[in-house]
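Take a look at the structure below.
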Amino acid sequence: MKLLEERILKDGIVIGTDILKVDSFLNHQMDVALFEEMGKEWKRLYEGEKVTKILTIEASGIGIACLAAREFGVPVVFAKKSRSRNIPGDVYKAKVFSFTHGNENDVIVSKRFLSPEDSVLIIDDFLANGAALQGLIELVESAGAKVAGCGVAIEKAFQPGGDMIREKGYRVESLARVSSMSEEGITFC
Ligand code: 5GP
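Residue 91 in our numbering sits at position 91 of the sequence shown, and the numbers go up by one each step.
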């Protein structure tokens, strides 16, 4: 998606070799008009695919997932990084290793919000090693629901997550795929 690539080139900041900071428009300050265009693009890519729900993970996925949900006309569910105590049996749970924080979190979704009838589009801001998408896929499948596909804003294609998830047979549509990056510049696939 040209608009997103241009924005990354304009405002993205590369930190070290593997972190892309896009907090001026994607995951701290949020450009909602850009999110709206991203939502439209996922809708175009998944045209004809049955989608009954959008699932993302807190916190950075929520904004883009909401704008995508407007296009699909379905609710958004976000997986919570579980801190509070939950009654066992009430939630679906998966473990996700956080790329940015370097720790492992239990992520949970209430059983009330995913069911075997659901066909779920998973949305997230970044795809790096694939742990977040993998955890979200596990939550969907624990509910007996179908994964319609994954929609990612920025895939760092030089990291292994995209290949790993696609090799398992899931469809992944990334709006910008970074092939390499350094403090000198960013290139797209
Ligand atoms: P993965 O689970 O695929 O290794 O990493 C994806 C998750 O880590 C995303 O939910 C995102 O929040 C975070 N992440 C991974 N790489 C980056 C990055 O380069 N920049 C930012 N801001 N977040 C990232």
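We put the CB at the ideal spot given by N, CA and C, even for glycine.
Three-state secondary structure (DSSP) of residue i
i             : result
valine 74     : coil
glycine 162   : helix
alanine 153   : strand
alanine 79    : strand
arginine 177  : strand
serine 98     : coil
lysine 40     : helix
leucine 55    : strand
serine 142    : helix
glutamate 117 : coil
glutamate 183 : coil
glutamate 167 : helix
Anticipated Cβ contact below 8 Å, residue i with residue j, distance rounded
i             : j              : result
leucine 133   : aspartate 124  : 6 Å
leucine 45    : alanine 79     : The pair is not a contact, with the Cβ atoms about 22 Å apart (cut-off 8 Å).
aspartate 106 : serine 82      : 5 Å
alanine 176   : isoleucine 154 : 5 Å
Beta-carbon contacts of residue i that lie in its chain and below 7 Å, excluding the five residues immediately before and after
i              : result
asparagine 129 : Phe99, Gln159, Pro160 and Gly161
isoleucine 186 : Ile8, Leu9, Gly12, Val14 and Val178
Residues sharing a beta bridge with residue i, DSSP
i                 : result
aspartate 125     : In DSSP, aspartate 125 forms no bridge with anything.
lysine 21         : Ile13
tyrosine 92       : Val109
phenylalanine 188 : Val178
valine 172        : Cys150
Any chain C beta carbon closer than 9 Å to residue i
i           : result
alanine 153 : Annotation note: the requested chain C is absent from the structure, which comprises a single protein chain.
Sequence-distant residues of its chain with Cβ nearer than 6 Å to residue i (five each side left out)
i             : result
glutamate 183 : Val14
alanine 94    : Val107, Gly135, Glu138 and Leu139
serine 60     : Asn27 and Asp125
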